[in-house]
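Chains as they are written, first to last, in the working numbering: chain A, 513 to 839; chain B, 32 to 177; chain C, 50 to 555. Glycine included, C-beta positions come from ideal geometry on N, C-alpha and C. Computed from a prediction, not measured in an experiment: that's the story for all the values here.
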Amino acid sequence: MKRFCPLVLVLILAISVVVGCAQNGEEGKDEFNYPTKTIKYVVPFNPGGQSDLEARRQQKPLEEKLGVNVVIENKPGGGGAVGWSELVRKDPDGYYLTGMNIPHIILQPLARENAGYETDQVNPVALFQGTPIGLAVQPDSPYNTLDEFIEAGKAKPGQITVGGSGTYSGHHITLMQLQDKTGAEFQYVPSQGAAPSVQSYLGGHVDALLANSNDLVQHQDKMKILAIGSKERFEPLPDVKTFMEQDIDMTASIDRGVAVPPETDKRIIEKLEKAFLEIAKDEEIRAQMKEEGFLPLAMGAEESKQYINEMKDKYSAILEKVQAESK
Amino acid sequence: MLNKDIISAAIILIISGIFWSEGSGLSEMGGFFPRIIIIVLALFSGIQLIQSLIKKNIEPAFAGVEAKRLIPMIIGVIAYVGAIILIGFALASLLFLAVFFKLLDNTKKVSPVKSVVIASLITAVFYGVFNYAFLVPLPVGIVFGG
Amino acid sequence: MPADFIAALSNIAQPTNFLIMAIGVGFGIIVGALPGLTATMAMALLVPFTFTMDAVPALMGLGGIYVGAIYGGCIAAILVNTPGTPSAIATTFDGFPLTKKGKAEHALVTAAFSSAVGGVIGAVVLLLLSPPLASIALKFGPPEYFWLSIFGLTIIATLASGSMLKGLIGGGIGLLLSQIGIAPLGGEMRFTFGLYQLQAGLSLIVVLIGFFCIPEVLSMIEKKFSQHDSINYKPQKGVAKGIISDLIKKPILLLRSAVIGAFVGIVPGAGGNIAGLVSYNEAVRWSKKPKEFGKGNIDGVAASEAANNAEVGGSLVPLMTLGIPGAAPAAILLGALMLQGMRPGPELYINYGDITYTFLFSLIVANIVMGVMAFYGARHVAKLINLPVSYLAPMVVFMTVIGSYAIRNNIVDVIIMILFGLVGYVTKKAGFHPGPIVLGLILGPIAENGLVQSMLMGKSAGSMFEVFFTRPLSIILILLCLVSAGWPLISNLRNKTPDKEADANA
Chain A
513 MKRFCPLVLV LILAISVVVG CAQNGEEGKD EFNYPTKTIK YVVPFNPGGQ
563 SDLEARRQQK PLEEKLGVNV VIENKPGGGG AVGWSELVRK DPDGYYLTGM
613 NIPHIILQPL ARENAGYETD QVNPVALFQG TPIGLAVQPD SPYNTLDEFI
663 EAGKAKPGQI TVGGSGTYSG HHITLMQLQD KTGAEFQYVP SQGAAPSVQS
713 YLGGHVDALL ANSNDLVQHQ DKMKILAIGS KERFEPLPDV KTFMEQDIDM
763 TASIDRGVAV PPETDKRIIE KLEKAFLEIA KDEEIRAQMK EEGFLPLAMG
813 AEESKQYINE MKDKYSAILE KVQAESK
Chain B
32 MLNKDIISAA IILIISGIFW SEGSGLSEMG GFFPRIIIIV LALFSGIQLI
82 QSLIKKNIEP AFAGVEAKRL IPMIIGVIAY VGAIILIGFA LASLLFLAVF
132 FKLLDNTKKV SPVKSVVIAS LITAVFYGVF NYAFLVPLPV GIVFGG
Chain C
50 MPADFIAALS NIAQPTNFLI MAIGVGFGII VGALPGLTAT MAMALLVPFT
100 FTMDAVPALM GLGGIYVGAI YGGCIAAILV NTPGTPSAIA TTFDGFPLTK
150 KGKAEHALVT AAFSSAVGGV IGAVVLLLLS PPLASIALKF GPPEYFWLSI
200 FGLTIIATLA SGSMLKGLIG GGIGLLLSQI GIAPLGGEMR FTFGLYQLQA
250 GLSLIVVLIG FFCIPEVLSM IEKKFSQHDS INYKPQKGVA KGIISDLIKK
300 PILLLRSAVI GAFVGIVPGA GGNIAGLVSY NEAVRWSKKP KEFGKGNIDG
350 VAASEAANNA EVGGSLVPLM TLGIPGAAPA AILLGALMLQ GMRPGPELYI
400 NYGDITYTFL FSLIVANIVM GVMAFYGARH VAKLINLPVS YLAPMVVFMT
450 VIGSYAIRNN IVDVIIMILF GLVGYVTKKA GFHPGPIVLG LILGPIAENG
500 LVQSMLMGKS AGSMFEVFFT RPLSIILILL CLVSAGWPLI SNLRNKTPDK
550 EADANA
């Protein structure tokens, strides 16, 4: 035992040094001093994905506007569910933000019994990027308009394959909505992610494809795009009609934003909201987004919350109907 | 006579059973592939079970292992992870490294001071590199506000 | 085009550009060597800078990191039996036994040379053969992926050292573990036992670190004077030269491995890990002394490393010509290209010829830079193994903990890693090799996706048989599966015939 005595002493010494250092970063109690220390910006997807790139685009301007360091941390898994489950369990001190994707945060708790979080717990700060979802068919396909495609889906129910990314995802719900509104029936063939589904389409393994606007822009010369899910004409694809223009009352989009834990102080949210909206309204960033095939958005906290609730009502109605039919 | 092959085959059979019951509620689409795997796995481990019941002379699994050295390490590793959750990465690593540098030393040449100094250095270097160069913020632990 | 070539070469020769690339390679090697840190993560770290950088240095830096990191994975694989990146799984099979024999430098030099050769071949394939190969990549639909994964599973026969039955069981366990989490099709939670943390599934890297590394640490210390204490690397003169002249005499081994690597790379979704494993399998299959593999044969290291570095070039083929990122690091490159306003596809070569060719040539140069760095570093790196076990064992545990945390910034992964580490130690003692288990884990999702998507296609086409058995590429893959599974029989017959065929790789 004697031999261990010095060891214990030295250890205690070392520990006290480390602890001393760790407490240096203690924050002040005054809320108006927010932010005073490094903010963690969590991306619930893998590095290199669109959500990740978007966060990294905002990182430097955020640091300038907030005056503190912003660290990006990827916490991928479960299509974002792991990151959001973590978010809703964090302290609402404003130093932990997580990227938020719609409709993911709406559909996951609806589709899974134990997603780890509820939609209402994800506390939105802002929405800054929209990705309208479009429907495309092969260039040599016999269908030239959305109407023809829908008619074929009615005449040959389940015989036309439509590729897309994921189950209970933005693409899946878009197809469910389309089937619900028109009565046509298609065979959905989901892939793990947008890139594999585009690949499957380009290889001719599916008849049609639901794809994000950036993929549509990138591969537009290899597809006939029948419709797009934006509210108005989508600037980078001016010739493509929206679903609404073609008398199908639906929009379809994947929207990216950022959220904080539930019960975060209003003043904190306002401060973050201001910074994110300023970046979202930056002309250069807007131009970059359009060039890449995205729809720049600038929706604040309240507006985002309303939008989420609106979409939640819509989607739960569709899912309930589909689940009732399959039983 | 129980030997490692009988035991391992039996355990895998039990695991197959547990997974089968856990997956019993899965739909046709989500349950098809896992069910095939479980059936195949159970089949192979069943064959192994029968084979190992017939065959004799299977070497014992842990021949020559010194439990005196192994068990502290296993406990230490588990305690290390628990400590990270509680007191954070830096402190837990410092403790783990210092204790085991000393504990595993056969030559008795390593002084406690030396082991702590080296452990602190290693922890500090990696903590710094990961936090500042790789931008991986390491956990700080519940005690110090996770 | 010639004008683009000249512009490209002068771009690369510019000191700043070259330096950025070389730093990228060095940084990549370090990141790759640390288990849990991947090429993807290292490249993502550079992304914020590329927003303000010019296209040429940005792409050269990213390419350098990619090349360096895939090589770097072999260092931990050789020294402590832990693949630094999943690409280096097959490198552990012979690399670590070489270290145990005191031949760490042999293994590291082999890896350096074959990585460089493989990497250059892969980059040349990317430069010259992209368009035709990309069209082959597109032919891979769901049924092809299914058959490809079945072909991959036939490798178990090689990986199961000792007992074939245990190899098959191991493969089954790996497949079963791959099912944990959200079902890729159907979206249900499977085998999460009520824990929402498990819906992310098991990360391959976390399981790899657990299964390969922790059992090794425990074996290091399980005996008071373990064999590990007798591992002693003594620098010898002439090792490097000897190894390289040895490898140059085996051009077919290197070429075959590189071609396999590049081809696997072209198929989106099949990464360096599969490339290395398939190539290793073929090296064993075509060797005259297959029994020597797994015990420290430099051919095993060469096969794995040449293939996984050739895969880098291959994985960029679908990206550059079709805009489809075939691997995670390629996705980051896509992001970087788009940021510069460069849209991958045929017009990339026309509108941005100089930048595109600069990038492609720089990959070749990066591989050579990497080879030189690795070659001169080998001796110093090998000395790490001379640390006494009392230091080495705790430090390796420490590294595994950081690595498994860093991969997804999740403490749950550390718990899973330790758990699988302890399970791995016991299963190893019970005679199960970790190889088949991780193979099952890698191939499980590919097999399931392929199978279920094909069934959906079959449902809509009205015929399952048509989808699975009549597509030309599927038929080729089915034949490959049959040959591979039946190979033990074929080789038995071959050995009985007295006249031995000449085999350049013996």
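> If you check the beta carbons only, do Pro443 (chain C) and Thr138 (chain B) fall under 9 Å apart?
Replying inline: no
> Taking Cβ positions only, does Pro170 (chain B) come closer than 9 Å to chain C?
Replying inline: yes
> DSSP on Asp552 (chain C), reduced to helix/strand/coil?
Replying inline: Residue confidence for Asp552 (chain C) is low, a pLDDT of 43 falling below 50, so the modelled location carries little weight and cannot support an answer.
> What residue range is occupied by the uninterrupted alpha helix (DSSP H) comprising Ala664 (chain A)?
Replying inline: 658-667
> Using a beta-carbon distance cut-off of less than 8 Å, what residues from the segment 693-709 of chain A approach chain C?
Replying inline: Gln699, Tyr700, Val701, Pro702, Ser703, Gln704, Ala707, Pro708
> Taking just the CA atoms, how far does Tyr700 (chain A) sit from Leu505 (chain C)?
Replying inline: 8 Å
> Mapping DSSP to helix, strand and coil, what is Ala379 (chain C)?
Replying inline: helix
>> Taking CB distances under 9 Å as the criterion, tell me whether Ser59 (chain C) reaches chain A.
In response: no
> Where Ser328 (chain C) and Ala379 (chain C) are concerned, what is the direct C-alpha to C-alpha distance, given to the nearest angstrom?
Replying inline: 22 Å
> Does the beta carbon of Phe63 (chain B) come closer than 9 Å to any beta carbon on chain A?
Replying inline: no
> Going along chain B, which residues have a C-beta under 7 Å from Val583 (chain A)?
Replying inline: Leu166, Pro168
>> Here's the rule I'm using: 16 or more other beta-carbon atoms within 10 Å means buried, otherwise exposed. How should Asp548 (chain C) be labelled?
In response: For Asp548 (chain C), the predicted model reports a pLDDT of 44, less than 50, meaning its position is unreliable; a value from the coordinates is still stated below. Asp548 (chain C) comes out exposed.
> Going by DSSP, what residues sit across from Tyr700 (chain A) in a beta bridge?
Replying inline: A:Val674
>> If I follow the unbroken alpha helix (DSSP H) through Ala739 (chain A), where does it start and stop?
In response: From DSSP, Ala739 (chain A) is part of no alpha helix (DSSP H) but of the beta strand (DSSP E) over 736-740.
> Could you give the distance in angstroms between the alpha-carbon of Val445 (chain C) and the alpha-carbon of Cys262 (chain C)?
Replying inline: 8 Å
> Looking at the C-beta of Phe175 (chain B), does it have a partner C-beta in chain C at a distance below 9 Å?
Replying inline: no
> Taking Thr417 (chain C) as the reference, which of C:Phe142, C:Val173, C:Phe98, C:Asp103 has the closest Cα?
Replying inline: A small correction: the amino acid at residue 417 (chain C) is Ile; Thr does not occupy that position in the sequence shown. Checking every option, the nearest Cα to that of Ile417 (chain C) belongs to C:Val173.
> Skipping 5 residues on each side, what residues in its chain have a beta carbon closer than 8 Å to that of Glu515 (chain C)?
Replying inline: Gly507
> For Asp721 (chain A), which residues of its own chain have a beta-carbon under 6 Å away from its beta-carbon, when the five flanking residues on both sides are left out?
Replying inline: As written in the sequence, residue 721 (chain A) is Leu, which differs from the Asp given in the question. Contacts found: Ala648, Gly675, Tyr713.
> For the candidate residues A:Gln633, A:Val554, A:Asp605, A:Ile645, whose alpha-carbon lies nearest to that of Gly611 (chain A)?
Replying inline: A:Val554
>> Counting beta carbon pairs with one atom in the segment 297-304 of chain C and one in the segment 332-352 of chain C, are three or more of them shorter than 8 Å?
In response: yes
> What residue range is occupied by the uninterrupted alpha helix (DSSP H) comprising Gly426 (chain C)?
Replying inline: 402-432
> How about Tyr111 (chain B) and Val255 (chain C): are their beta carbons less than 9 Å apart?
Replying inline: no
>> Once DSSP output is grouped into helix, strand and coil, what is the label at Thr207 (chain C)?
In response: helix
> Using a Cβ-Cβ cut-off of 6 Å (strictly less than) and excluding sequence neighbours within five positions of Gly595 (chain A), which residues of its own chain qualify?
Replying inline: Val554, Pro556, Lys587, Thr610
> Can you tell me the Cα-Cα spacing of Leu599 (chain A) and Ile399 (chain C), whole angstroms?
Replying inline: 46 Å
>> Starting from Phe93 (chain B), trace the beta strand (DSSP E) in both directions and tell me its first and last residue.
In response: Per DSSP, Phe93 (chain B) belongs to no beta strand (DSSP E) and is neither H nor E.
> Does the beta carbon of Leu72 (chain B) come closer than 9 Å to any beta carbon on chain C?
Replying inline: yes
>> Under DSSP, the alpha helix (DSSP H) around Gln835 (chain A) begins and ends at which residues?
In response: 813-838
> Per DSSP, Gln641 (chain A) is paired with what?
Replying inline: A:Arg768, A:Pro808
>> So with CB distances below 8 Å, who are the chain C contacts of Val141 (chain B)?
In response: Ser439
> What is the DSSP secondary structure of Ala627 (chain A), reduced to helix, strand or coil?
Replying inline: coil
> Would you report the Cα separation of Leu522 (chain C) and Pro191 (chain C), rounded to the nearest angstrom?
Replying inline: 11 Å
> Say the cut is 8 Å; is the CB of Ala764 (chain A) nearer than that to a heavy atom of the ligand FMN?
Replying inline: By its list of ligands, the structure shown contains no ligand whatsoever, and the ligand FMN lies outside what it can speak to.
> From which residue to which residue does the beta strand (DSSP E) around Tyr840 (chain A) run?
Replying inline: The displayed coordinates of chain A run from 513 to 839. Any statement about residue 840 (chain A) would go beyond what the structure contains.
>> Rounded to whole angstroms, what is the Cα-Cα separation between Val718 (chain A) and Gly310 (chain C)?
In response: 28 Å
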